[in-house]
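Structure, as C-alpha cells:
Number of protein chains: 2
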Amino acid sequence: MGQPATLKKISEQLNLSISTVSRALKNHPDISENTKRKVKELAALMEYEPNAYAVNLRTNKSKVFGLIVPAISNMFYDSFISAVEVEARKFGYSLMILQSGDDPLLEAENLKLCKLNRVDGIFISVAPDTLSTQLLSKYRESGIPVIFFDKVPDAINADTICMADEEAASLAAHTILKYKKKHVLALFGNADLSITKKRKQAFLNVIAQHGGKIKTSVHCCKNADEARLATAEALASRNRPDHVFCMSDELLIGAMKTILRAGLQIPQDISILAISNGFIPGLFYPEITYIETSGFELGKLAIKRMLENMESITAPKAIILPSRLVEGGSI
Amino acid sequence: MGQPATLKKISEQLNLSISTVSRALKNHPDISENTKRKVKELAALMEYEPNAYAVNLRTNKSKVFGLIVPAISNMFYDSFISAVEVEARKFGYSLMILQSGDDPLLEAENLKLCKLNRVDGIFISVAPDTLSTQLLSKYRESGIPVIFFDKVPDAINADTICMADEEAASLAAHTILKYKKKHVLALFGNADLSITKKRKQAFLNVIAQHGGKIKTSVHCCKNADEARLATAEALASRNRPDHVFCMSDELLIGAMKTILRAGLQIPQDISILAISNGFIPGLFYPEITYIETSGFELGKLAIKRMLENMESITAPKAIILPSRLVEGGSI
DNA sequence: ATGAAAGCGCTAACAG
DNA sequence: CTGTTAGCGCTTTCAT
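Protein chains in written order, with this note's numbering: chain S, 1 to 331; chain F, 332 to 662.
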C-alpha cells in the first residue's frame with residue numbers, strides 16, 4: 001500500500017495544482033470535464049481517500065456522533081444503538097459509543113471524550129445521579145446538539161426522546177382490567193428511577209380509578225433475582241395471584257423462572273403481561289403478551305431529530321414514542 | 332463557551348511561544364516549573380482541550396479502534412463490545428463501532444470508514460462471504476493491526492481470537508454420548524461459515540469414532556426460524572429424536588419454540604444441549620445445559636492482543652479461548 | 001478553467 | 001530554558 005495517496009501526490013502526477021484536484025474530486029462546476037475525468041481516474045487508481053483529520057481540522061466537522069449509554073450489552077440499548085448506527089450511516093455519520101456504567105464520573109469523562117473528538121452531536125441516556133446536565137447545556141449552547149433519550153434528567157429544557165412510560169403502564173393496567181383479573185402481582189424496577197416512579201404511579205392510578213374489585217400486590221425489585229423471589233413468595237401465599245405484571249424484561253425473566261419451575265400453565269393457572277421490546281416475550285410458549293417499547297423505533301426517532309438539528313438548531317422538543325399492545329398468548 | 336481555547340490563545344495571553352505552552356502542558360523537562368504552573372493554570376481556566384484532529388493530523392494516531400460486527404444487537408457481540416470498550420478506555424482508546432449486517436459490501440464500506448478515520452487498529456468478525464480479506468491484509472501491512480475474532484476467514488495468517496470451536500463441539504458430542512442418547516437432532520448454523528464447518532466436523536468426528544450406536548440427523552439452519560422448522564419436522568417424523576443439539580443461541584431459540592409448543596417435557600421427552608454464553612439457556616426451566624462461550628472473555632483477550640500489537644507488531648498469533656460444560660437440567 | 005496562498009491547531013526538529 | 005520554523009492534508013478566497 002505504500003503511503004496513502006494525498007491531493008498533493010495526485011496533483012504532482014498530473015501537473016495540476018492541489019486546489020484543482022480538490023475541486024475536480026468534488027465535481028466543482030469550474031473544472032472542465034476533461035480534467036475531472038483524469039483526476040478521478042488517477043485518484044481511483046491510487047486509492048485516494050481524503051484524510052478525515054485534515055478535513056475535520058479545516059471544516060470543524062467530524063461526521064461522528066457520540067452516543068453514551070449506561071451499558072451496551074442491554075436488550076434495550078443494543079437495539080437503540082443498532083437503529084441509530086444504521087440511520088446515521090445513510091447520512092455519512094459514524095458513531096463513537098461510550099459506556100457510563102451508571103457512574104456519573106465516567107459519564108463526565110465520556111462527555112470530555114466527545115468534546116475532544118469534536119463530535120457533531122451527542123445522544124445520551126444519563127446515569128442516575130448525573131453530574132453532566134450543566135456540561136451538556138454548554139455543549140448545546142456552543143452548537144453541538146444533544147439528544148437525551150430513554151433516561152432523561154428531570155425538568156430539563158432540551159431535546160428528549162422517551163417511551164410513553166405513563167401511557168404504557170396505564171395501557172397495561174387497562175388490559176389487565178379488561179381480562180377481569182382478580183389478584184395482580186405487579187413487579188416494578190428500582191424504586192429510585194424516574195421511569196419506575198412514572199410507570200408505577202400511572203399503573204396504580206388506573207387500578208384505583210376502577211374501584212376496588214381487583215387486588216394488587218406491588219413489589220419493587222432491583223433485578224431479575226429479586227423478581228424471581230418476589231414471585232415465588234406470592235405463589236406460595238394462600239392468596240395466590242392469578243396474574244403477574246412486569247414492567248421490564250429483567251423482571252419478566254425473574255418471574256418466569258419461578259412460574260416455569262412451579263410448573264404452572266400459562267395462561268390457565270396464571271396469566272402474564274410485560275412491558276418489553278418483544279425479544280424475551282417471544283422466547284416462551286405461549287409467547288408473552290406485552291406492551292411494546294421498541295429501542296429500535298426510539299433510535300430512529302432520535303437520529304431523525306438529530307439530523308433536524310444538524311440543519312439548524314430549533315427549539316427543544318420532547319418526543320414521546322407511543323406504545324401498543326402486542327398480543328401473545330399469556331393472558 | 333465562546334470559541335474553544337487553543338495553544339495560540341494561551342500563548343498570547345502569557346506572552347510565550349506556542350511551543351513553550353505545548354511543552355509546558357506535556358511536562359517537558361526543559362520548561363521551568365514556574366512557567367509550567369502559569370501555563371497549566373490558565374489552560375485549566377480556559378478549559379483548554381487539545382484538538383484531537385490537529386493532533387491526529389500531526390501524529391497520524393487517532394486513539395480510536397474500529398470494531399466491525401455483523402450486528403450490535405446480538406447476545407454474543409454486545410458483551411464482546413462491552414468488554415473491549417471498558418478495557419480500551421483504560422488505555423485512552425475509544426471505539427468506532429460499525430455493523431456489517433452480514434453484507435460483504437457493507438463490510439467493505441465499513442472498512443473504508445475505518446481507514447478514513449485513521450483508526451489505530453481494527454477488530455472484525457467477518458461476514459459470511461467476506462470480500463475484505465485482501466483489504467485487511469493491506470491494512471496490516473501498512474501498520475494497522477487487525478484482530479479477527481469469532482468469525483474468522485479460513486486459512487488466514489493473522490491474529491485471530493476464537494472460541495475453541497472444535498473443542499466445544501467435541502465436548503458437546505462427548506456429553507451427548509455420555510448420556511447414552513439414541514437419536515440426536517444436531518442443528519448447525521450457516522454452512523458457509525468456518526465456525527460452522529469446524530463445529531460440525533468436530534462434532535461428527537467424535538460421534539463417528541464412537542461407532543454406530545447413535546443416530547444423527549444434521550441440519551444447517553441460517554436462522555432461528557429455520558431451526559424452528561427443522562425441529563418441527565424432526566419431531567413429526569416417525570423416528571423422533573430424543574436429543575437436540577444447537578451450536579448457537581439463535582438455533583436454540585428456534586428449537587425451543589417448537590419443543591415448548593409441542594408440550595414436551597425436558598429432559599424426559601427430549602433433552603437439549605447448546606453452545607452459548609448462558610444467557611438464553613438460563614431463561615428456561617429447567618435451565619438448558621450448555622457449553623460456555625463467553626463474549627466478555629473473548630473481548631478481554633482481543634483488546635489485550637491489540638495492545639500488544641500497538642507496542643510492536645509481532646508474528647500473528649491464533650488465540651483460542653477454552654470452553655467448559657455448564658450443567659443445567661436439560662439433559 | 002486553474003493556480004497561489006493562507007491557515008485550521010498542533011508537534012518536533014533545530015537554533016539559540 | 002525558550003523561540004522559530006516547517007509542515008501534517010485539506011478547503012477556500014482571491015487572483016489570473
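Think of the CB as a built atom: it goes at the ideal place given N, C-alpha and C, for glycine as much as any other residue.
Between F:Leu-447 and chain S, the shortest Cβ-Cβ separation is below 8 Å. Here F:Asp-580 is buried, its C-beta having at least 16 other C-beta atoms within 10 Å. Cβ-Cβ separation between S:Asn-239 and S:His-183: approximately 7 Å, consistent with a contact (criterion under 8 Å). From the beta-carbon of F:Asp-409, the residues of chain S found nearer than 8 Å are Ile-72, Ser-73, Asn-74 and Asp-78.
Distance check between F:Thr-337 and each of F:Phe-396, F:Tyr-384 and F:Thr-366 places F:Tyr-384 closest, using alpha-carbon atoms only. Under the Cβ criterion of 8 Å, S:Val-126 is not counted among the residues facing chain F.
Under the three-state reduction of DSSP, S:Ile-303 is assigned to helix. For F:Leu-442, the uninterrupted alpha helix (DSSP H) run begins and ends at 435-447, by DSSP. The residue from F:Lys-443, F:Pro-647 and F:Glu-628 with its alpha-carbon nearest to that of F:Glu-418 is F:Glu-628. Around the C-beta of S:Gln-99, 16 or more other C-beta atoms lie within 10 Å, and the residue is accordingly described as buried. For S:Phe-91, there is no enclosing alpha helix (DSSP H), as DSSP gives it neither H nor E. Taking a Cβ-Cβ threshold of 7 Å, none of the residues of chain F is close to S:Phe-91; the smallest such distance is about 13 Å. When the Cα atoms are used, S:Ser-22 and S:Glu-308 turn out to be separated by approximately 29 Å. Measuring C-alpha to C-alpha distances from F:Ala-414 to each of F:Gly-630, F:Arg-636, F:Glu-642 and F:Lys-635 identifies F:Gly-630 as the nearest. If you ignore the 5 residues before and after F:Leu-508, its C-beta comes within less than 8 Å of the C-beta of Val-537, Ile-538, His-541 and Ile-545, all in its own chain and listed in chain order. In the structure shown, S:His-174 adopts helical secondary structure according to DSSP, grouped into three states.
Of all alpha-carbon atoms in F:Leu-462, F:Leu-356 and F:Val-483, the one lying nearest the alpha-carbon of F:Ile-651 is that of F:Val-483. Residue contact check for F:Tyr-384 against chain S: a CB pair falls below 8 Å. Rounded to the nearest whole angstrom, the CA to CA distance from F:Ser-525 to F:Leu-436 is 19 Å. F:Ile-603 places its beta carbon less than 8 Å from that of F:Ile-597. The beta carbon of S:Ile-259 is closer than 8 Å to those of Thr-231, Leu-235, Val-244, Ile-266, Ile-270 and Ile-272 in its chain, skipping five residues each way along the sequence.
If you look at F:Glu-658, you'll find it isn't in any alpha helix (DSSP H); DSSP assigns it neither H nor E. Taking the Cα positions, S:Ala-191 is about 28 Å away from S:Ala-262. Listed by position along chain S, the residues whose Cβ is nearer than 9 Å to that of F:Val-417 are Gln-99 and Gly-101. Assignment of F:Phe-534 by DSSP, reduced to helix, strand and coil, places it in the helix class. Going by beta carbons, F:Ala-517 and F:Phe-534 fall inside the 8 Å limit. Taking a Cβ-Cβ cut-off of 8 Å, the neighbours of S:Ser-82 in chain F comprise Ala-402, Ile-403, Ser-404 and Gln-430, given in sequence order. DSSP places S:Tyr-139 in the uninterrupted alpha helix (DSSP H) bounded by 133-141. With distances taken between CA atoms, F:Tyr-379 lies nearest to F:Leu-356 out of F:Leu-632, F:Leu-356 and F:Val-477. In terms of beta-carbon proximity, S:Arg-228 stays away from the interface with chain F, with every pair separated by 8 Å or more. Against chain F, the CB of S:Asn-15 has no partner CB under 8 Å away; the residue lies outside that interface.
By the CB criterion at 8 Å, F:Leu-398 and F:Met-427 fall inside the cutoff.
S:Ser-237 is classed as exposed because its beta carbon has fewer than 16 other beta carbons within 10 Å across all chains shown. One alpha carbon belongs to F:Lys-371, the other to F:Ser-342, and they sit about 11 Å apart.
Checking the DSSP bridge columns, you'll see F:Tyr-621 partnered with F:Ala-605 and F:Val-657.
By alpha-carbon distance to F:Phe-519, the top candidate from F:Lys-529, F:Asp-485 and F:Gly-659 is F:Lys-529.
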